[in-house]
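A.B. asks: So the sequence shown is numbered by full-length UniProt numbering: it starts at 1 and just counts up by one. Here a beta-carbon is modelled for each residue, glycine too, at the ideal position from N, C-alpha and C.
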Amino acid sequence: MNAIPSSDKVSITATELIDRYRAGERDFRGICLLSGSDLSGVCLSGIDLSRSELQGVNFSQASLRGANLSEVNLSEANLSETNLAGASISGSTLSRTILTGAHLGEADLSGSLLLEAEMSNTLLHLTCLSEADMRGANLTGAKMCGARLWKANLHQAILNGADLCDANLCEANLNRASMEMTETSETTLTGAVMPDGSVHP
Numbered sequence: 001m002n003a004i005p006s007s008d009k010v011s012i013t014a015t016e017l018i019d020r021y022r023a024g025e026r027d028f029r030g031i032c033l034l035s036g037s038d039l040s041g042v043c044l045s046g047i048d049l050s051r052s053e054l055q056g057v058n059f060s061q062a063s064l065r066g067a068n069l070s071e072v073n074l075s076e077a078n079l080s081e082t083n084l085a086g087a088s089i090s091g092s093t094l095s096r097t098i099l100t101g102a103h104l105g106e107a108d109l110s111g112s113l114l115l116e117a118e119m120s121n122t123l124l125h126l127t128c129l130s131e132a133d134m135r136g137a138n139l140t141g142a143k144m145c146g147a148r149l150w151k152a153n154l155h156q157a158i159l160n161g162a163d164l165c166d167a168n169l170c171e172a173n174l175n176r177a178s179m180e181m182t183e184t185s186e187t188t189l190t191g192a193v194m195p196d197g198s199v200h201p
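#1: Could you name each continuous beta strand (DSSP E) segment of 3 residues or more that falls completely within the stretch 52-111, going from the start of the chain to the end?
#2: Apply the 10 Å Cβ neighbour rule to Arg-22 and answer buried if 16 or more other Cβ atoms are within range, or exposed otherwise.
#3: Going by other Cβ atoms of all chains shown within 10 Å of its Cβ, with 16 needed for buried, is Thr-13 buried or exposed?
#4: Among Ala-117, His-125 and Ser-185, which one has its Cα closest to the Cα of Leu-139?
#5: Considering only C-alpha positions, which residue in the set Ala-177, Gly-66 and Asn-58 is nearest to Ser-40?
#6: Buried or exposed: Gly-197, going by 16 or more other Cβ atoms within 10 Å of its Cβ?
#7: Just reading off the alpha helix (DSSP H) that residue 203 is part of, what are its end residues?
#8: Using the three-state DSSP reduction, which class does Leu-163 fall into: helix, strand or coil?
#9: Compute the Euclidean distance between the alpha carbons of Ala-137 and Glu-16, then round it to the nearest angstrom.
#10: Pull up the CB-CB distance for Asn-160 and Thr-182, whole angstroms please, since I reckon it's below 8 Å.
#11: To the nearest angstrom, how far is the alpha carbon of Ser-120 from that of Arg-20?
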């Protein structure tokens, strides 16, 4: 599915979105919120914001549990301590997005762009990150037990102190990644490019 051109997106304010959501509306596909719009601490569970323009929006400590955020531009947005459990975020752009302490358990971020995303102490338990581009992302202390990172690009990512127990990193690119004190027990690394450039058998 192709992204909706910016000129075709419907611009609404954060206040309008909140009011309509509280009135029972959930379908907000293809909207545009101005960068800097404040939705911090707001409950938007189950909302459909797919194919929307949300660059720079503040969602810190909001609840987006089970939301549809697929093919969304969330670059430079603030999602710190946001509840995104079970959310669909596949094919979205989250470059330089702040996700510190966010709850992304069982969320789908497959094929998403997470360049230099700030993801320290993020909960990624059973999260799907297959084929995600996470080059330069900071995943210090992230809880990634059981995460699926098949063919994910983690080139120069920071994984110091992260928990990758039982995660699947088959054919992932970990070249030049920092993995000091990273927990890798039961981690599947078949065919992965390791930090030193070698390929795991």
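C.D. replies: To lay it out plainly:
#1: none
#2: By the 16-neighbour rule on beta-carbons within 10 angstroms, Arg-22 is exposed.
#3: exposed
#4: Ala-117
#5: Asn-58
#6: exposed
#7: In this structure the chain extends from 1 to 201, so residue 203 is not present and cannot be described.
#8: A small fix is needed here, since residue 163 is Asp in this sequence, not Leu. Note: Asp-163 maps to strand in three-state DSSP.
#9: 33 Å
#10: 7 Å
#11: 33 Å
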